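What follows is one structure encoded as structure tokens, with my remarks underneath.
Number of protein chains: 2
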Amino acid sequence: MFTQAADYLNKLSPIFEPALLAELETKTMIMEVKAGDTLINMGQTIRATPIMLKGVGKVSRINDDGQELLLYYVKEGESCALTFTCCMMAQSSVVRGSAEEDCTILAIPINLMDSWMAEYSSWKKYVMTTILNRFNEVIKTIDEVAFKKMDERLINYMKEKSKISGSSLINLTHQQIADELGTNRVVVSRLLKKLEIDKKLLLYRNQIKLLKDL
Amino acid sequence: MFTQAADYLNKLSPIFEPALLAELETKTMIMEVKAGDTLINMGQTIRATPIMLKGVGKVSRINDDGQELLLYYVKEGESCALTFTCCMMAQSSVVRGSAEEDCTILAIPINLMDSWMAEYSSWKKYVMTTILNRFNEVIKTIDEVAFKKMDERLINYMKEKSKISGSSLINLTHQQIADELGTNRVVVSRLLKKLEIDKKLLLYRNQIKLLKDL
DNA sequence: ATGGAAGTGTAACAATTGTTACCGGAAATG
DNA sequence: CATTTCCGGTAACAATTGTTACACTTCCAT
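Sequences listed follow chains A and B, in order.
For the first sequence, my numbering gives the first residue as 103, with consecutive numbering after it.
For the second sequence, my numbering gives the first residue as 103, with consecutive numbering after it.
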């Protein structure tokens, strides 16, 4: 168990300076989260900032009618910009964070984050890089939603999903895909069928196989 | 001219600690920008971080086809989160910043920003607050674009515009509105006409008068 | 095995938005 | 004053997306 923790922290050693790593080792907590679990819901106030050590997290926005929209994934070594800022400002979350796969997460108490900003330049850089990357991703999402049509959004979504999982097989129902894109199951089925006819992919129950020329 | 500069800085005194204000006074520059001028374009790297002292700025995203979409306004005392992060990471901008009205801007050299983060807690707080607010606004934009229909977006847009200018008169052509919403002039004309029939507003050439029950 | 739930395919239709085209009036320009 | 440009109204149509409904299959649980 302890060696595992050390292993995880080793992954962060290229990012953070030694003194900070030492603090991470003693002052933070490692948490295990199961796939599908919710880390934080909209409106909740967060108590600690997470760094993803293993697995993939998902950050999404849910509108008043309960409709969902995927914002971005949090991969290994990454964190969530919104948590940083929410933490530091003690604000409640405007998004939902959940575990896309089983996750191992490093939980950093709020008070540390704040002092580390002044103390460790590697931490400051990490925070700023995270914020910048997330801004870029959210703006990319805006591009998709504002300017792209559903067929292209669907394709990009599946490609991203495939990249995350490292497989050309996507294990999702049409309903789940529709939810993440903020649209309707029938629309997704329709577009997927068209893509299958165009030999871009193969459809199975609960599964989609992406072909090379997608 | 010097008294003016001092006046402007006085506006910031509730936000920043005295020592930081002193640094602001000696180490920054005040710039005047005309309405419509571009402050930064997509792809450009920024050289200084702006704080808006007077006037209103506009931050928008432009897609590959040249279509525009308004992200948010920068009002007095505010700054742009994207500039902070871009500055600190020396990244090029992914958005366009321009002057909505004539603006007076405080330009802060990049190198200062970075050290201030460690030095002044009021600065750190200002930066974090700005980032948080902008995230919220961008996510609000996502909500609009992803979940709302054009009529509601149009109404929200005009209300925001009216709030910014402090007037129920909006001096814009349908084309300009369409551009900022990322849609088509005919669509805007159509929806505006419907709103006029519903007695929500009055239409004139280059001008829209919002009525109370909009 | 069998009944029910879940997932998919599809049709039919509505609603929204985008596109093109053309007209007429208002403003600007000389 | 004449000409041109800009702005808005509107029709007609296309394309996209949303909605409802229903059939059929697969899977699961009792």
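Note that beta-carbon positions come from the ideal geometry of N, C-alpha and C, so glycine has one too.
Since the model is a prediction, treat every value here as computed from it, not as a measurement.
- With 7 Å as the limit, tell me which residues of the segment 235 to 262 of chain A have their beta carbon closer than that to any beta carbon of chain B; keep them in chain order. PHE237, ASN238, VAL240, ILE241, THR243, ILE244, ASP245, VAL247, ALA248 and PHE249
- Message: Do B/THR206 and B/GLY157 have their beta-carbon atoms positioned less than 8 Å apart in this structure?
- Response: yes
- Report whether the distance from the Cβ of A/ALA248 to the nearest heavy atom of the ligand SAH is below 7 Å. As presented, the structure is devoid of all ligands, the ligand SAH included, so that no description of it is given.
- B/PRO211 versus B/ASN112, B/LYS129, B/ASN143 and B/LEU297, residue with shortest Cα-Cα distance: B/LYS129
- Close Cβ partners of B/VAL197 (< 7 Å) along its chain, the five nearest in sequence each way excluded: MET144, VAL161, SER162, ARG163, LEU173 and LEU184
- Thinking C-alpha only, which one of A/ALA280, A/MET252, A/GLU221 and A/ASP281 is nearest A/LEU122? A/GLU221
- Query: For A/GLY218, which residues of its own chain have a beta-carbon under 6 Å away from its beta-carbon, when the five flanking residues on both sides are left out?
  - Reply: The residue asked about is misnamed: residue 218 of chain A is Trp in this sequence, not Gly. Closer than 6 Å at the Cβ level, and outside the excluded window around A/TRP218, lie TRP225.
- Selected residue, minimal CA-CA separation from B/LEU313, among B/ILE279, B/LYS261, B/ARG292 and B/VAL288: B/LYS261
- Task: Express the C-alpha separation of B/GLY199 and B/ILE148 in angstroms, rounding to a whole number.
- Result: 11 Å
- Message: Let me confirm a value: A/ILE299 is counted as buried when at least 16 other C-beta atoms fall within 10 Å, else exposed. Which label applies?
- Response: exposed
- Rounded to whole angstroms, what's the CA-CA distance from A/GLU194 to B/GLN277? Just pull it up for me. First, the residue type needs correcting, since residue 194 of chain A is Ser and not Glu in the sequence shown. Cα-Cα distance, rounded: 38 Å.
- Task: Using 10 angstroms around the beta-carbon of A/MET103, count the other beta-carbons present and answer buried if the total reaches 16, otherwise exposed.
- Result: With a pLDDT of 46 at A/MET103, under the threshold of 50, the modelled position of that residue is not reliable, and no figure is offered here.
- Who are the Cβ neighbours of A/ILE153 in its own chain at under 6 Å, not counting the five residues just before and after it? SER181 and LEU208
- Query: Is the Cβ-Cβ distance between A/LEU320 and A/LEU316 less than 8 Å?
  - Reply: Nothing can be reported for residue 320 of chain A, as the shown portion of chain A is limited to 103 through 316.
- Task: Determine the closest residue to B/LEU155 out of B/ILE142, B/THR140, B/GLU134 and B/LEU171, with distance taken between C-alpha atoms.
- Result: B/GLU134
- Message: Classify B/ASN112: buried if its beta carbon has 16 or more other beta carbons within 10 angstroms, exposed otherwise.
- Response: exposed
- Message: Looking at the secondary structure, which residues open and close the beta strand (DSSP E) in which B/THR206 lies?
- Response: 205 to 211
- Query: Alpha carbon to alpha carbon, what distance is there between B/CYS188 and A/ASN235?
  - Reply: 10 Å
- Straight-line gap, A/PHE118 to A/VAL240 (C-alpha atoms, nearest Å): 26 Å
- Return the residue from the list B/SER264, B/ASN165, B/VAL289 and B/LEU274 that minimises the CA-CA distance to B/GLN309. B/LEU274
- Task: Could you confirm whether any beta carbon from chain A is found closer than 8 Å to the beta carbon of B/LEU111?
- Result: no
- Using the rule of at least 16 other Cβ atoms within 10 Å of the residue's Cβ for burial, across every protein chain shown, is B/VAL288 buried or exposed? exposed
- Task: Please check the pair A/THR151 and A/MET215, which I expect to be a contact at CB under 8 Å, by giving their CB distance rounded to whole angstroms.
- Result: 6 Å
- Establish whether the CB of B/GLN309 and some CB of chain A are separated by less than 8 Å. no
- Keeping to the same chain, check which residues put their C-beta closer than 6 Å to that of A/ILE244; ignore five residues upstream and five downstream. none
- Message: Which same chain residues end up closer than 6 Å to A/ALA280 when comparing Cβ atoms and leaving out the 5 residues on each side of it in sequence?
- Response: ASN286, ARG287 and VAL290
- What did DSSP end up calling B/GLU221 once you bin it into helix, strand or coil? helix
- Query: Taking only runs of the alpha helix (DSSP H) that begin and end inside the segment 123 to 206 of chain A, which ones reach a length of at least 4 residues, in chain order?
  - Reply: 183 to 191
- Query: Exposed or buried, which one is B/LYS263 when buried takes at least 16 other CB atoms within 10 Å?
  - Reply: buried
- Task: Return the CA-CA distance between A/ASN238 and A/LYS296, expressed in angstroms with no decimal places.
- Result: 31 Å
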